[in-house]
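Numbering-wise (the numbering used here), the sequence shown opens with residue 731 and increments by one.
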Amino acid sequence: MKTHNNFDARYEFVGKAKTWSLAAIVVGLVIVALGFAVGQTERTFANLLIMSYYFAAVCMCGIFFCAVQYAAQAGWSASMIRIPQAFGKVLPIAALILIAVVLAGLSITHHVTNEEGKEVVAPYLYKIWGAVGVTDPHSENYNAIIAGKSGYMNKWFFLGRLVVFLGSYCIFGRLLAKYSELEDDLGGMFYYKKSFNMSCLFLVIFGFTTPIYAFDTIMSLEAEWFSTMFGWYNFAAMWVSGLSVITLVLIRLKRIGYFEWVTEDHMHSLTKFIFGFSIFWTYVWFAQFLLIYYANLPEETVYFFKRWEPEFKPWFWINIVINFLTPLLVLMSRDSKRIYRTVEIMCIILIIGHWLDYFMMVMPGTIGPTEHWYTEISWIEAGTFIGFGGLFTFLAMTALTKFKALAPKKHPFLSESLHLHI
């Protein structure tokens, strides 16, 4: 790049970043293959669900970020909008991976002992409602609770909803990126207005469907339990982790010479979002926990009872320390939000922290406790995380290279973004 005003510069994904991302993908593939080979099939499936869900969540956050900026007619973010747009372009691949994992997890069955001590034939994922005979009144495995939900919770309707939700998000993400590129080519306000209208429509659809998407994909793993707050709890986790990834990518690219027009003021604005929604995540987490804890109803407390087993309880509290206390104490001051190194480290901590958050949503109710709390997170978890991290990096950075320029040169609020001062 020549100067900070060289808006024609394109991103080139070369060098160590590309090599390391490909190496991470290879590591992930090897670990997943080993997980299946050594008989850890159920644990491997659970990790694939965690990471494919996380992968899709970060990509969805990119689309949501763009939509919020357009709907609010925000100017501060215009100069960095290409990064979340690139995330949105990756969502179709993330969606296909998630759908493939869910379909395989529902279709491949094995013999397993249920909570009542009976041996049943059940899928590797969603075994509570996917087990053979749970909706058949004449079967010894009949479950009246699951049977009552079978009109909604059945394999093909479940998969259909997942395809429709993710497919609609992909369409919106593609359209917002396309309109932005056409705006650069043709100028004027026509495509900005289309982006505004499309963003408003997306936010309405996303707001109504993302809780259902979380209910289906994650909460139905423990189908006898439910929480009306679970969808917003997942939304908060998606938003904080997605913002952390956006910010981390921006810092890394700025460090190697791109986005030189981004200043401490832009970083301050991004970090305020991260800080504020970390508090919101904690509010929803604590509200869900407290309401269930003091009501002390067996059908509700069973969810947290599993997470208070000795093997999971330390991770339960580590989760709240990482995702609440750490950003609260580190990012509360104004100065800390403007120090690139501090923000970068905080983003890495939160990305790992919200992986732990998803881990605690999935593992206690699917795999259950093993031996010790420090053995709950094994080489399969680490390898799958590395693999998906490499895959996301490779795909998102490749998508970023497809833009003709890193700055939306004819965005009506670009000048406002370049002169941001807080």
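Note that CB positions come from ideal geometry on N, CA and C, so glycine has one too. All of these numbers come straight from a predicted model, not from anything done at the bench.
Starting from Gly868, follow its DSSP beta bridges and name the residues at the other end. Per the sequence shown, residue 868 should be read as His rather than Gly. Looking at the DSSP assignment, His868 forms no beta bridge with any residue, so it has no partner.
Between the CA atoms of Ser974 and Ala1135 - distance to the nearest angstrom: 23 Å
At which residues does the beta strand (DSSP E) containing Ala852 begin and terminate? 849-853
Assuming Leu779 contacts Gly835 under a Cβ cut-off of 8 Å, what Cβ separation, rounded to an integer in Å, is found between them? Right, the Cβ-Cβ distance comes to about 7 Å (below 8 Å), so this counts as a contact.
Give the DSSP bridge partners of Val840, in chain order. Before going further, note that residue 840 is His rather than Val in the sequence given. According to DSSP, which records beta bridges pairwise, His840 is partnered with Ala852.
Answer yes or no: do Phe795 and Ala824 have a C-beta to C-beta separation smaller than 8 Å? no
Grab me the residues of Thr839's own chain with a C-beta within less than 7 Å of its C-beta, minus the 5 sequence neighbours each way, in chain order. Val851, Ala852, Pro853
Under 8 Å, Cβ to Cβ, is there at least one residue of chain B near Ser1147? No chain B is present in this structure, which holds just one protein chain.
Helix, strand or coil for Ala874, going by three-state DSSP, please let me know. helix
Quick one: give me the first and last residue of the alpha helix (DSSP H) that Asn777 is part of. In the DSSP assignment, Asn777 falls within the alpha helix (DSSP H) that extends over 771-801.
For a quick check, are the C-beta atoms of Thr1096 and Leu951 less than 8 Å apart? yes
Going by DSSP in three states, Ile1157 sits in which element: helix, strand or coil? In this structure the chain extends from 731 to 1152, so residue 1157 is not present and cannot be described.
At what residues does the alpha helix (DSSP H) containing Arg985 begin and finish? 960-985
Taking the alpha-carbon positions, what's the Pro822 to Thr1031 distance? One C-alpha to the other measures close to 37 Å.
To the nearest angstrom, how far is the alpha carbon of Glu849 from that of Ala763? 27 Å
Which residue marks the beginning of the alpha helix (DSSP H) containing Lys1036, and which one marks its end? Residues 1028-1037.
Do Val970 and Leu1086 have their C-beta atoms within less than 8 Å of each other? no
Between the CA atoms of Ser807 and Phe1133 - distance to the nearest angstrom: Between Phe1133 and Ser807, the C-alpha separation is close to 17 Å.
Could you check what DSSP says for Phe1133 in three-state terms: helix, strand or coil? coil
For Met919, which option in His1149, Lys1139, Leu1148 has the closest C-alpha, if you only look at C-alpha atoms? Lys1139
Rounded straight-line distance, which links the Cα of Asp915 to that of His734: The predicted position of His734 is uncertain, since its pLDDT is 47 and thus under 50; a value taken from the coordinates is nonetheless stated next. If I take the Cα positions, the gap works out to 21 Å.
Taking C-beta to C-beta, are Ala830 and Cys930 nearer than 8 Å? no
Please look up how many angstroms separate the CB atoms of Tyr963 and Val894, rounded, as I've assumed it's under 8 Å. 23 Å between Cβ atoms; not a contact.
Arg1071: first and last residue of the uninterrupted alpha helix (DSSP H) it sits in: 1070-1096
Just to confirm, are Met810 and Val1073 a CB contact at a threshold of 8 Å? no
7 Å Cβ shell around Ser880 - same chain, five flanking residues per side excluded: Thr865
Quick one: residues in its chain with C-beta nearer than 7 Å to the C-beta of Phe956, no 5 flanking neighbours on either side, listed in chain order? Within the same chain, and ignoring the five residues on either side of Phe956 in sequence, the residues whose Cβ sits closer than 7 Å to its Cβ are Met949.
Among Leu892, Phe1005, Glu1039, whose alpha-carbon lies nearest the alpha-carbon of Phe1054? Phe1005
Is Val992 helix, strand or coil when you go by DSSP? coil
Give the range of the alpha helix (DSSP H) segment to which Thr940 is assigned. Its alpha helix (DSSP H) spans residues 920-947.
Exposed unless 16 or more other CB atoms sit within 10 angstroms - verdict on Lys1043: exposed
Would you check if the distance between the CB atom of Val832 and the CB atom of Leu892 is smaller than 8 Å? Yes, the Cβ-Cβ distance between Val832 and Leu892 is below 8 Å.
Less than 8 Å between the CB atoms is what I'm expecting for Gly758 and Gly1117, so what's the real figure, rounded? 1 Å
Under three-state DSSP, which class holds Tyr882? Coil.
For Glu1146 versus Gly765, is the C-beta distance shorter than 8 Å? no
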